[in-house]
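Residue numbers (my numbering): 194 to 525.
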């Protein structure tokens with residue numbers, strides 16, 4: 194998991210599942226319909242909702258954040274569009290405004306770049322922050338100006354102030370969490386994932402998915418949920434066997450069988466990832482010993498390879514190679 198205090202880099206299961214669920218337009222529309230203020234909903238046509246560029250973060254930081262961007266037209270014949278930026282936090286980030294502001298600037302710069310002629314104006318961006326930190330998000334901290342000290346009101350003309358729409362799940366009872374089935378399931382899991390009594394709450398949450406099993410996407414969504422449950426709980430507090438037993442009672446025997454199939458597949462994926470990692474480490478050591486001046490060039494290419502056979506061939510070639518060109522020939 195991500196270390197929430199240090200925000201250290203690992204694949205964050207909360208962010209990953211957030212992107213998987215809300216990259217689906219129907220799930221995103223249901224969340225906006227439920228959580229945007231009425232005065233905003235009157236101005237936008239959610240039937241025109243379309244996903245835009247799905248990430249404005251740097252590639253090397255892709256495992257930290259979960260931003261998703263949607264484009265929506267204005268209602269009543271008004272000219273222009275609004276962009277809605279989805280952001281998710283599983284921990285309290287006091288300076289999230291700066292992250293959101295950086296995204297907004299990137300959105301506007303891209304908008305200018307995408308128009309051959311310089312646009313007369315820029316679209317409005319509405320940030321929506323979904324949060325399930327260990328405690329409630331502090332009150333009255335949605336505006337950027339809440340971070341500033343000094344005579345803020347008197348110097349307001351110099352402040353790039355904005356607010357985000359905050360959806361803090363801790364402020365809502367379970368029956369107040371609305372939307373599509375999958376949106377409700379994931380938001381309820383977010384809310385309770387750290388609860389000591391999660392196992393008691395899971396049957397009721399997973400039971401919402403029974404209707405989804407009648408659809409072609411049913412198994413796909415089951416996989417998303419089960420992988421999240423298996424990876425998001427710390428210290429293996431929830432085993433695959435426990436997930437299986439709960440799924441059988443809450444959904445169906447078929448769902449329980451699928452859990453164990455997924456568990457075996459996940460185990461095999463872990464073995465493969467471990468073998469790939471080991472081969473890359475061996476290649477790096479071999480290049481360091483024989484061709485140290487070329488280590489950066491070689492590893493930049495090797496780290497993009499996930500084919501086991503190719504990595505094994507590179508490793509064996511290093512042993513007898515007399516020149517770096519023999520290695521580079523395998524990396525084309």
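The beta carbon of each residue, even a glycine, is placed where N, CA and C say it ideally should be.
The structure presented is a predicted model; accordingly, all values stated were derived computationally and were not measured.
DSSP has residue i in a bridge; who is on the other side?
| i | result |
| --- | --- |
| residue 282 | 324 |
| residue 360 | 323 |
| residue 318 | 276 |
| residue 261 | 279 |
Reducing DSSP to helix, strand and coil, say where residue i ends up.
| i | result |
| --- | --- |
| residue 365 | coil |
| residue 266 | strand |
| residue 496 | coil |
| residue 275 | strand |
| residue 332 | coil |
| residue 488 | helix |
| residue 452 | helix |
| residue 311 | coil |
| residue 479 | helix |
| residue 341 | coil |
| residue 373 | coil |
| residue 202 | With a pLDDT of 36 at residue 202, under the threshold of 50, the modelled position of that residue is not reliable, and the figure given next carries that caveat. It is coil, neither helix nor strand. |
| residue 292 | helix |
| residue 355 | coil |
| residue 514 | coil |
| residue 502 | helix |
| residue 523 | helix |
| residue 287 | coil |
| residue 386 | coil |
| residue 380 | helix |
| residue 303 | helix |
| residue 472 | helix |
| residue 346 | coil |
Among the candidates the options, whose CA atom is the shortest distance from the CA of residue i?
| i | options | result |
| --- | --- | --- |
| residue 315 | 325, 326, 303 | 303 |
| residue 394 | 440, 434, 409, 415 | 440 |
| residue 422 | 450, 378, 461, 465 | 378 |
| residue 215 | 261, 232, 233, 463 | 261 |
| residue 218 | 210, 520, 243, 519 | 243 |
| residue 366 | 414, 384, 350 | 384 |
| residue 208 | 511, 424, 487 | 424 |
| residue 419 | 407, 408, 409, 432 | 432 |
| residue 287 | 337, 499, 307, 444 | 337 |
| residue 381 | 228, 212, 325 | 325 |
| residue 465 | 486, 228, 505 | 505 |
| residue 329 | 389, 359, 274, 339 | 359 |
| residue 313 | 273, 211, 226, 467 | 273 |
| residue 301 | 285, 373, 264, 270 | 264 |
| residue 414 | 444, 295, 478, 297 | 444 |
| residue 354 | 339, 344, 368 | 339 |
| residue 206 | 282, 456, 320 | 282 |
| residue 331 | 341, 467, 523, 285 | 285 |
| residue 320 | 296, 334, 513, 307 | 296 |
| residue 222 | 345, 374, 458 | 374 |
On the premise that residue j lies in contact with residue i, defined as a C-beta separation below 8 angstroms, what is that separation, rounded to the nearest angstrom?
| i | j | result |
| --- | --- | --- |
| residue 278 | residue 323 | At roughly 11 angstroms, the Cβ-Cβ gap does not stay under 8 angstroms, so residue 278 and residue 323 are not in contact. |
| residue 411 | residue 405 | 5 angstroms |
| residue 327 | residue 387 | 7 angstroms |
| residue 501 | residue 469 | 6 angstroms |
| residue 224 | residue 376 | 6 angstroms |
| residue 437 | residue 452 | 4 angstroms |
| residue 488 | residue 511 | Between residue 511 and residue 488 the Cβ distance is about 12 angstroms, and since that is not below 8 angstroms, they are no contact. |
| residue 280 | residue 293 | 6 angstroms |
| residue 520 | residue 507 | 7 angstroms |
| residue 372 | residue 220 | 7 angstroms |
| residue 226 | residue 236 | Not confirmed; about 13 angstroms, so no contact. |
| residue 525 | residue 495 | Contact flag wrong, Cβ pair sits at about 13 angstroms. |
| residue 352 | residue 341 | 7 angstroms |
Would you check whether the ligand SAH has a heavy atom nearer than 8 angstroms to the C-beta of residue i?
| i | result |
| --- | --- |
| residue 352 | This structure simply doesn't include the ligand SAH, nor any ligand for that matter. |
Flag residue i as yes if its beta-carbon sits less than 9 angstroms from any beta-carbon of chain D, otherwise no.
| i | result |
| --- | --- |
| residue 489 | Protein chain content of the structure displayed is limited to a single chain, and chain D is not contained in it. |
For this session: Run through the stretch 204-248 for me and flag every whole alpha helix (DSSP H) of 4 or more residues, listed as ranges in chain order.
Result: If we require 4 residues or more, the alpha helix (DSSP H) runs fully inside the stretch 204-248 come out as 206-215, 218-228, 231-234.
For this session: Pick out the complete alpha helix (DSSP H) segments inside the stretch 392-467, 4 residues or longer, and give them in chain order.
Result: DSSP runs (the alpha helix (DSSP H)) wholly in the stretch 392-467: 411-425, 433-443.
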